[in-house]
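Reading the sequence shown from the start, the letters are residues 1173 to 1644 in our numbering.
Heads up, the beta-carbon is just placed ideally off N, CA and C, and yes, glycines get one too.
First comes the structure, then the notes that go with it.
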Amino acid sequence: KLRDDVQFVVPAKRTDPLELREENFDPSEGLIEDFKNARVLRAKVKAVEAIIKDIGAFKDNQEKLEELVGEISEIARKGVKIQFVPAVELILIREELQSKLKKYEASEGQITVAAILAENEEGLAGLFEELSLTRLRQILKSFSEAFGEENWGDKMLSLVPDCNLRSITEIANVLNSSEKKSLLIGYMQNSLQQRALSSDGLAWICRERKGLAESLFSPNLSLSVMSSLEADQLNEEGAVRAANRLRDLVADDRELIPDLIEGANINIIRNFSSRLINSASFDELTRKSLVARVIKLHPEVQDLLSGGDKKEDEVVIVSEESLAKRKEAYDKLVKEEIPQNREDIKIARSYGDLRENFEYKSAKEYQRVLMKRQGDWERDLKLAQPTDFSNADTSKASIGTVVQLNPAEGGESLCYTILGAWDSDPDKGIIAYLSERGAEILEKAVGDSVEFKTAEGKAEAYKIASITAYNA
1173 KLRDDVQFVV PAKRTDPLEL REENFDPSEG LIEDFKNARV LRAKVKAVEA IIKDIGAFKD
1233 NQEKLEELVG EISEIARKGV KIQFVPAVEL ILIREELQSK LKKYEASEGQ ITVAAILAEN
1293 EEGLAGLFEE LSLTRLRQIL KSFSEAFGEE NWGDKMLSLV PDCNLRSITE IANVLNSSEK
1353 KSLLIGYMQN SLQQRALSSD GLAWICRERK GLAESLFSPN LSLSVMSSLE ADQLNEEGAV
1413 RAANRLRDLV ADDRELIPDL IEGANINIIR NFSSRLINSA SFDELTRKSL VARVIKLHPE
1473 VQDLLSGGDK KEDEVVIVSE ESLAKRKEAY DKLVKEEIPQ NREDIKIARS YGDLRENFEY
1533 KSAKEYQRVL MKRQGDWERD LKLAQPTDFS NADTSKASIG TVVQLNPAEG GESLCYTILG
1593 AWDSDPDKGI IAYLSERGAE ILEKAVGDSV EFKTAEGKAE AYKIASITAY NA
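Written as structure tokens, this is what we have:
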């Protein structure tokens, strides 16, 4: 409370004494002095917020605020390259201050939010993460001025892969209110098809399934959700993510799973259920609860709980390269990651009070992930059968063939190389024989028709034009 009283000067260091200003001290001078004494940009932002809060102290001294506006602009201009986010905040708070001034006209060369955005595109993603919701909305309003009427929507969407759910929601709302909904839906649809949508992007679609994203929500999304959860379980360093909004949404929204599988064929439902049962993204109780939601609607998948559809003795065809990589990853898991996790648990336990010990809980959660991964990989390696894909049967689509497909009703041709279970690389047109599209193509001959489901649940028909050997 003392910090809010300009009669007192609260020092930065706790060991320094408080100062009491003179009894006839002008509050406006104290507020300006606090701004000048602030050493870092964030502290200056706080100081300007205090000025706006106590703007009445300047009713007879508007010239002081006009001088301050100019000073804020210059400080932000100098600091934008070093402290991008605080500099932008300073400009935003300056604009709020300017709106309080009577008959004030900004100087011609005054730095603006739009100018900063246009000159510092590389910092935009980080800006979205750090700003409050109110200031994020102010930033989004400046995009049209910063990037032009034709380009601002595309520029905003290019940031989606690096945005969290909150930011994606705001971007979607801005585009929708600006009559750019078709641009938004087109981007999301393309990202789904390219498997390039983040877990937060998928969470937005799930949350907006009866609103803006209704046209994007289909049974195929259930498999995209599971793929994203599996990929997000471990980040590049192998550490457990502190938060996953998609995971929380799947667990907490009791209507989401029923909506995801509504109208789905039994193969998609069984695939989704099987991956859900074996997912390391949820604890055991949560997994059982989620699977129960599926079984309630489709009792025929209950056999998955007892492993009725597991084919433990079925070999998995893999390339020699992918097998070597999997063995290398397994060795690293057993020799480095698991021992390190044991050490992390030991250290975290030493902090005491396990009920409130975040480090301990995080390390134990990671231990469950590692143990499940070890078991899965041991089973996979046992069943793996390596091949160089030579002598592939080209009389029909088979493992080790390159399949050219022409659209039945116009559009672009597709070319898929069907390889092993661990060789998928969609960007290069390589698909695993166990994938949805791989399974659809297998055993088909030249001239046969194939149908693929789109992200919207529609069917696209193709005819096989040629089949050649990958390793001739």
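- Each residue's CA atom was taken as its position, placing Ile1265 and Lys1272 some 11 Å apart.
- Comparing alpha-carbon positions, the option among Asn1513, Lys1518, Ser1562 and Thr1559 lying closest to Gln1539 turns out to be Asn1513.
- A contact is defined here as three or more CB-CB pairs under 8 Å, and the stretch 1332 to 1345 fails this definition with respect to the stretch 1284 to 1295.
- Checking the DSSP bridge columns, you'll see Val1346 has no partner listed.
- For the options Ser1316, Gln1366 and Arg1367, the alpha carbon positioned closest to that of Ile1343 is the one of Ser1316.
- A straight-line Cα-Cα distance of about 14 Å links Val1422 and Gly1373.
- Boundaries of the alpha helix (DSSP H) around Ala1464: Glu1456 to Leu1469.
- DSSP, reduced to helix, strand and coil, places Phe1256 within a helical segment of the structure shown.
- Pro1558: not part of any alpha helix (DSSP H); member of the beta strand (DSSP E) spanning Ala1556 to Thr1559, first to last residue.
- Ala1535 is the residue among Leu1477, Asp1431, Glu1472 and Ala1535 whose C-alpha sits nearest the C-alpha of Ala1520.
- Taking C-beta separations shorter than 8 Å and ignoring five residues to either side along the sequence, the partners of Asp1620 in its chain run Lys1635 and Ile1636, following chain order.
- In the DSSP assignment, Ala1375 falls within the unbroken alpha helix (DSSP H) covering Ser1371 to Arg1379.
- According to DSSP, Asp1597 shares a beta bridge with Ile1602.
- Judged by beta-carbon spacing, Ala1556 lies beyond the 8 Å limit of Lys1616, meaning their Cβ atoms are not closer than that value.
- Cβ contact annotation for Arg1249 (same chain, cutoff 6 Å, sequence separation greater than five): Ile1283, in chain order.
- The stretch 1283 to 1314 is shown to contain whole alpha helix (DSSP H) runs of 4 or more residues at 1285 to 1291, 1296 to 1302 and 1305 to 1313, in chain order.
- In this chain, the beta strand (DSSP E) harbouring Glu1623 covers Ser1621 to Lys1625.
- At a Cβ-Cβ threshold of 8 Å, Leu1269 and Leu1237 count as neighbours.
- With a cutoff of 8 Å on beta-carbon distance, Leu1369 and Phe1444 are scored as not near each other.
- Cβ neighbours of Val1473 within its own chain (closer than 7 Å, five residues either side excluded): Ile1441, Arg1442, Ser1445, Val1466 and Ile1467.
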